[in-house]
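Just below is one structure, and these are the notes that go with it.
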Amino acid sequence: MARIEDLAEAYKRHISLPWQKTVAGAQRIIILVYEKEMERTLRARLDHFQLATVQANKKWRCVDLTNAFSEWIAADEYREAYFEAPEDLQLKLEAEFATAVADKIRAALADDDGHEETVTAVLGTGSLFGFTRISKVLSLIEADVRGRLLVFFPGHYEDNTYRLLDARDGWNYLAVPITLHNGGEP
Numbered sequence: 001m002a003r004i005e006d007l008a009e010a011y012k013r014h015i016s017l018p019w020q021k022t023v024a025g026a027q028r029i030i031i032l033v034y035e036k037e038m039e040r041t042l043r044a045r046l047d048h049f050q051l052a053t054v055q056a057n058k059k060w061r062c063v064d065l066t067n068a069f070s071e072w073i074a075a076d077e078y079r080e081a082y083f084e085a086p087e088d089l090q091l092k093l094e095a096e097f098a099t100a101v102a103d104k105i106r107a108a109l110a111d112d113d114g115h116e117e118t119v120t121a122v123l124g125t126g127s128l129f130g131f132t133r134i135s136k137v138l139s140l141i142e143a144d145v146r147g148r149l150l151v152f153f154p155g156h157y158e159d160n161t162y163r164l165l166d167a168r169d170g171w172n173y174l175a176v177p178i179t180l181h182n183g184g185e186p
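This is the structure:
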């Protein structure tokens with residue numbers, strides 16, 4: 001079996017388990033960790049994860065963050081000034097971008113009343129690199145997760161630490177990791 005199919009199988013085993021209703025928002029988040037070189041393959045085989053979710057009698061919803069930055073900056077009335085002086089963008093990024101990304105995910109979570117039997121998948125997290133930290137975004141939305149939030153994460157997980165794209169200091173998070181190495185066992 002290929003690596004993405006192995007991850008999909010590990011995810012299927014995990015998502016098929018009964019869901020505890022009394023866990024904290026951070027514990028309702030599943031971070032599926034894969035090597036950054038597998039991004040295109042994962043996108044091509046995303047249906048494996050959707051099928052596993054449906055077979056577990058859960059609903060599936062997907063939000064793609066790939067274009068989050070371009071959509072956010074395109075909506076800003078001062079975008080032309082930021083293109084002329086990009087260094088001026090840093091303060092705005094730190095103050096507003098994580099919230100804008102969180103709002104996009106929150107909208108997907110609220111769709112269908114944020115049903116408790118729904119998996120909301122978040123794709124394109126690698127495109128946030130250099131603009132905001134995923135840990136910051138997740139901390140903003142964890143209280144809004146009623147079902148499960150599946151975060152596709154191109155990077156590494158080791159010693160309870162996540163590292164996006166292998167390039168940044170990691171962070172420790174309470175989410176359930178699914179990797180090729182742990183077999184997706186909670």
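Mapping the sequence shown onto my numbering, position 172 (from 1) lands on 172, and the numbers just tick up by one.
The beta carbon of each residue, even a glycine, is placed where N, CA and C say it ideally should be.
Remember, it's a predicted structure, so these values are computed and weren't measured experimentally.
Check: Is the region 13-29 close to the region 143-155, with three or more CB pairs under 8 angstroms?; Outcome: yes
Check: Beta-carbon within less than 6 angstroms of Ala121's beta-carbon, same chain only, minus the 5 sequence neighbours each way: which residues are those?; Outcome: Cys62 and Leu150
Check: Could you check where the beta strand (DSSP E) with Lys59 kicks off and where it finishes?; Outcome: Lys59 to Asp64
Check: If contact is defined by three or more beta carbon pairs under 8 angstroms, each pair taking one atom from either stretch, is the region 5-22 in contact with the region 126-142?; Outcome: no
Check: Kindly list the residues whose CB is nearer than 7 angstroms to the CB of Thr41, restricted to its own chain and excluding five residues on each side of it in sequence; keep chain order.; Outcome: Ile4
Check: By Cβ distance, which residues of its chain are closer than 8 angstroms to Met38, with the 5 residues on each side in sequence left out?; Outcome: Arg3, Ile4 and Pro154
Check: Within the region 111-182, note down every full beta strand (DSSP E) run reaching 3 residues or more, in order along the chain.; Outcome: 118-123, 148-158, 161-164 and 176-178
Check: Any idea what DSSP makes of Leu51, helix, strand or coil?; Outcome: helix
Check: Between the Cα of Leu109 and those of Lys92, Ala74, Lys59 and Ala81, spot the shortest distance and give me the residue it belongs to.; Outcome: Lys59
Check: Should Thr118 be labelled buried (16 or more other beta-carbon atoms within 10 Å of its own) or exposed?; Outcome: buried
Check: Within 10 Å of its beta-carbon, does Phe97 have 16 or more other beta-carbons around it, so buried, or fewer, so exposed?; Outcome: buried
Check: Tell me whether the beta-carbon of Ala52 lies closer than 8 angstroms to the beta-carbon of Lys12.; Outcome: yes
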